[in-house]
Each structure stands twice: as C-alpha cells, then as structure tokens.
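A.B. asks: Handing you a structure now.
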Amino acid sequence: MAIKFNPILVVIVTVLLHVSNARNIWKEAPQPIAGGWKTITNITDEVIEIGKFTVDEHNKEAHTFLEFQNVINGASQVVEGINYRLTITAMEENMSHLYLAKVWVKPEGTSKNLTYFEKCKEYNRMTVCTYN
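Here the numbering used here is used: the first residue of the sequence shown is 27, the next is one more, and so on.
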C-alpha cells in the first residue's frame, strides 16, 4: 500500500510551524539596540555609583568641590561598553543645582571615562538642561 502525497496538508503543516515559531520569538527578552538611547527606568545602585563618579571626576578635573546628592534620571546607550547620560543634583556652596553628565563605561566595567559635565542653566526660577 502506497502513501499518497497531499500538497494541501504539507502547506497547512508548514504554515502552522511558522506561526508557532513566530509566537516563540516574542517571548524572548528584547535585546538593547546598539547605538540607541534607552531611558533608565530604575535608578539602581550601579547608576548612583556612576553619578558619584561624575561628580568626583569633575571635581578632580575642574578643581571644584561639588558634593553629589542624587541621580534624577538618565539614559543608556549600548556601544563598545555603555554610555550613560545622567541628570544629577549636587551641592555647590550650600545650594543644590542640576548637572548633566555623560560617562562611558568600558566593557565589563573595567574603567569609566567622564566625557561631559555641565551645570544646567537657570533663568527666572526655571532650570534648563541641554547637552551641547
């Protein structure tokens, strides 16, 4: 007895397999897109340590005496390592101010490099923060 080949059945099985595989793709955790900035939704201890690093490094480079207070928000960018853009607060002469900072953390966190640090501008009781 010979088995008959049914092309319609082959098409149906093929479509079902593709649909099944497509559904499994969406269950995997999304991977960061290299080069794109992603908002940091959870300020972790690691992010706070990077914020402290920005103030310490700025103090060394600019010979200032800022005192780190907090990380307000930030974004990260996957490159060869991770870039961080942070908005932080720091004390300067007993007054709290906002600062913008960018840090590049090399792969596996082997070292950090402060690439930008700037005090936000204040106009008529309004603070404006922009990266140059």
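Cβ atoms here follow ideal geometry from the backbone N, Cα and C, with glycine treated the same way.
Is it a yes or a no for the segment 96-116 touching the segment 63-79, going by three-plus beta-carbon pairs under 8 Å?
C.D. replies: With the cut-off at 8 Å, the segment 96-116 and the segment 63-79 touch.
A.B. asks: Can you name the start and end residues of the beta strand (DSSP E) that H89 belongs to?
C.D. replies: It is not in any beta strand (DSSP E) - H89 carries neither H nor E in the DSSP assignment.
A.B. asks: Confirm the yes/no value for this check: CB of E93, any heavy atom of the ligand SAM, distance under 8 Å.
C.D. replies: For the ligand SAM, the structure offers nothing, since it holds no ligand at all.
A.B. asks: Taking all protein chains shown into account, decide if V131 is buried (16 or more other Cβ within 10 angstroms of its Cβ) or exposed.
C.D. replies: The residue is buried, with at least 16 neighbouring Cβ atoms inside 10 Å.
A.B. asks: In terms of residues, what are the limits of the beta strand (DSSP E) holding E139?
C.D. replies: Correcting the residue type first, residue 139 is Asn in the shown sequence and not Glu. Looking at the DSSP string, the run of the beta strand (DSSP E) that includes N139 is 138-145.
A.B. asks: Helix, strand or coil for G61? Go by DSSP, reduced to three states.
C.D. replies: Reduced to three states, the DSSP call for G61 is coil.
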